[in-house]
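Participant: My structure is below; once you've seen it, I'll send some questions.
Numbering (the working numbering), first residue to last: 44 to 570.
So this is what it looks like as structure tokens:
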């Protein structure tokens, strides 16, 4: 925790940390837009003469009656999307949509489904857009995770903002669905880089005692973004203006990201002490600690970070992420993401008003994640993570035949708590030198999201299978998460000094006392 002492000298928790948090919170608010924008698609049905040819409509029948005699019922007694009666109620025989389709324009004027006719024989193409997006996050975590440690967090953040903005706005002029998916892949690569870099910058410029609160605030902003997405889609109702609304904020954030400093912790680890000293003095100036210009020197940096630099120079590789404990987290990430995005990416199954559902789910996310700072004061990450995973799985399993809104909300809230726990847990326990590689392990969850379309497709044949998978897998992940150590915690002794601990299975190891007068001892935690 030697770097924490350096942060204290620059005025940790001052104006700089507030401005950095505000900038990254603005970024986090727009992150859900990229992931969930494809949630909004209109329904469709076959073109039927009695319904859609005004000159032949019988005046004594209501539109509902005409629909009943023209279109057979499908799942949940809704009008079938890809079949119609050959003769209106004269015989039970049906036929495909030989005359085309009619889209429901009561909610959306245009979507990617209507743009490229992703219906019936081609309806399997639409859900494939999501695994392509998640494949981009995996590629981004592999490539950008390594580059963030070698080239720096700040350049990566600025580049990813520009990449996301350009790729997203280019989808507006995509000539076909294949090009659209390719642009979504590029934007997801940048999305992954933004998610990882913003979190790393937050962790590496924040002291341990403020870290959980700051990461929780970023998680809460994700819920705010979901609510904003619902409101934006309700106001625009066309996929092209929605894509434009998504891309513009990333252009703005790209322009204002220049002021963010590079991670001084990473610079010290890389041996760039002069640049690290400049960044620390810059932060101290923003925080109003002018004395740091005199007290912060190369010698101070070297003496404070000697052990950490020595540890970083030891051999590290990707194999360090493939230990037994890390494999447990890979299982947790896979199961969590598969179930979580199984709910949030298929809101149509939960009700008719998708705008209200999106806003409501965002509000649930915000409230659930806001409780994390309170819960962490009494329980460790391990206990909270295991409990929330178990409750989310049981909530989905509680009613398989009809996934009621109350149970879906409870499951969504527990998933939100689990997400925040995973973010805090992983970043607390991993050293700086491995943080650039660790996202590859964390993005194991993206593979879980890639499985979602395949599981949702089985709903046509095995209606219970998706809900069984979404309910059982978090419960399985709970059994693995409970075996890991808890995150880094701090307590205040009766004498007023602060002790930092690393809590494991039934025991707590004191790492060091308050930064002023104590030296690290025992095993170092993630720095």
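We put the CB at the ideal spot given by N, CA and C, even for glycine.
Cutting at 8 Å between CB atoms, please list the residues of its own chain near residue 250, excluding the five before and the five after it.
Facilitator: Sequence index remark: in the chain shown, residue 250 carries index 207 (1-based). Excluding positions up to five away in sequence, the list reads 47, 50, 51, 55 and 56.
Participant: Buried or exposed for residue 280, going by 16 or more other Cβ atoms inside 10 Å?
Facilitator: As a working note, residue 280 is residue 237 in the chain shown. Residue 280 should be labelled buried.
Participant: Going by Cα to Cα distance, which pick from 311, 337, 106 and 113 is closest to residue 136?
Facilitator: Here residue 136 refers to the residue found at position 93 of the chain shown. Comparing Cα-Cα distances from residue 136 to each of 311, 337, 106 and 113, the minimum goes to 113.
Participant: What separation, rounded to the nearest whole angstrom, lies between the Cα atoms of residue 304 and residue 170?
Facilitator: Counted from its first residue, the chain shown places residue 304 at position 261. Counted from its first residue, the chain shown places residue 170 at position 127. Cα to Cα, the separation comes out at about 39 Å.
Participant: Would you call the stretch 222-230 and the stretch 311-327 touching, i.e. three or more CB-CB distances under 8 Å?
Facilitator: Segments in contact, no.
Participant: Return the residue from the list 125, 247, 190 and 273 that minimises the CA-CA distance to residue 235.
Facilitator: Reading the chain shown from its first residue, position 192 is the one you call residue 235. It is 190.
Participant: Look at the alpha carbon of residue 192 and the alpha carbon of residue 186, and state the distance between them as a whole number of angstroms.
Facilitator: By one-based count along the chain shown, residue 192 stands at place 149. By one-based count along the chain shown, residue 186 stands at place 143. Each residue's Cα considered, the two are about 11 Å apart.
Participant: Sort 123, 92, 117 and 124 by Cα distance to residue 109 and report the nearest one.
Facilitator: The residue you call residue 109 lines up with position 66 of the chain shown. When each option's Cα is compared against that of residue 109, the closest is 92.
Participant: With 16 other CB atoms within 10 Å as the buried threshold, where does residue 342 fall?
Facilitator: Indexing the chain shown from 1 puts residue 342 at position 299. Exposed: under 16 other Cβ atoms inside 10 Å.
Participant: Tell me the residue span of the beta strand (DSSP E) that contains residue 88.
Facilitator: One-based indexing of the chain shown puts residue 88 at position 45. Element bounds for residue 88: 87-89.
Participant: Counting only the same chain and skipping the five closest in sequence on each side, list residues whose C-beta sits under 7 Å from that of residue 577.
Facilitator: For the chain, the structure presents residues 44 to 570; residue 577 sits outside this window and is missing.
Participant: Checking the sheet assignment: what are the DSSP bridge partners for residue 122?
Facilitator: To locate residue 122, count along the chain shown from 1; it is residue 79. DSSP lists 116 as partners of residue 122.
Participant: So if DSSP puts residue 137 in a beta bridge, which residue, or which two residues, is it bridged to?
Facilitator: By one-based count along the chain shown, residue 137 stands at place 94. According to DSSP, which records beta bridges pairwise, residue 137 is partnered with 128.
Participant: Check whether the stretch 412-422 touches the stretch 252-264, taking contact to mean three or more Cβ pairs, one atom from each stretch, closer than 8 Å.
Facilitator: The stretch 412-422 is in contact with the stretch 252-264.
Participant: Between which two residues does the beta strand (DSSP E) containing residue 145 stretch?
Facilitator: As a position in the chain shown, residue 145 is number 102, starting the count at 1. Segment 144-146, the beta strand (DSSP E) holding residue 145.
Participant: Taking residue 247 as the reference, give the member of 512, 45, 456 and 461 with the closest Cα.
Facilitator: Numbered from 1 along the chain shown, position 204 holds the residue referred to as residue 247. Nearest of 512, 45, 456 and 461 to residue 247, Cα basis: 45.
Participant: Please list, in chain order, all residues of the same chain as residue 203 whose beta carbon is under 6 Å from its beta carbon, the five residues on each side excluded.
Facilitator: As a working mapping, residue 203 is identified with position 160 in the chain shown. 233, 236 and 237.
Participant: For a minimum of 4 consecutive residues, which ranges assigned as the alpha helix (DSSP H) are wholly contained in the stretch 309-334?
Facilitator: Runs of the alpha helix (DSSP H) inside the stretch 309-334: 316-329.
Participant: Considering only C-alpha positions, which residue in the set 430, 458, 422 and 333 is nearest to residue 387?
Facilitator: The residue you call residue 387 lines up with position 344 of the chain shown. Measuring from the Cα of residue 387, the nearest candidate turns out to be 458.
Participant: Along the chain, where does the alpha helix (DSSP H) containing residue 302 start, and where does it finish?
Facilitator: Counted from its first residue, the chain shown places residue 302 at position 259. Element bounds for residue 302: n/a, residue is neither H nor E.
Participant: In whole angstroms, what is the alpha-carbon distance linking residue 194 and residue 66?
Facilitator: In the chain shown, the residue the question calls residue 194 occupies position 151. In the chain shown, the residue the question calls residue 66 occupies position 23. Straight-line Cα distance between these residues: approximately 21 Å.
Participant: Using the rule of at least 16 other Cβ atoms within 10 Å of the residue's Cβ for burial, across every protein chain shown, is residue 149 buried or exposed?
Facilitator: Along the chain shown, read from residue 1 onward, the residue named residue 149 stands at position 106. It counts as exposed.
Participant: Could you name the residues of the same chain whose beta carbon sits closer than 6 Å to that of residue 419, not counting the 5 residues immediately before and after it, in chain order?
Facilitator: Residue numbering aside, residue 419 sits at position 376 when the chain shown is read from its first letter. So the list reads 255, once near-sequence residues are dropped.
Participant: Would you decide whether residue 154 is buried or exposed? Buried here means 16 or more other CB atoms lie within 10 Å of its CB.
Facilitator: Numbered from 1 along the chain shown, position 111 holds the residue referred to as residue 154. With 16 or more other Cβ atoms within 10 Å, it is buried.
Participant: Can you tell me where the alpha helix (DSSP H) holding residue 73 begins and where it ends?
Facilitator: As a position in the chain shown, residue 73 is number 30, starting the count at 1. Looking at the DSSP string, the run of the alpha helix (DSSP H) that includes residue 73 is 58-79.
Participant: In chain order, what residues of the same chain have a beta carbon less than 6 Å from the beta carbon of residue 212, not counting five sequence neighbours either side?
Facilitator: To locate residue 212, count along the chain shown from 1; it is residue 169. Here the set comprises 290.
Participant: Does DSSP put residue 408 in a helix, a strand or coil?
Facilitator: Translated into positions along the chain shown, residue 408 becomes position 365. Residue 408 falls in the helix class under three-state DSSP.
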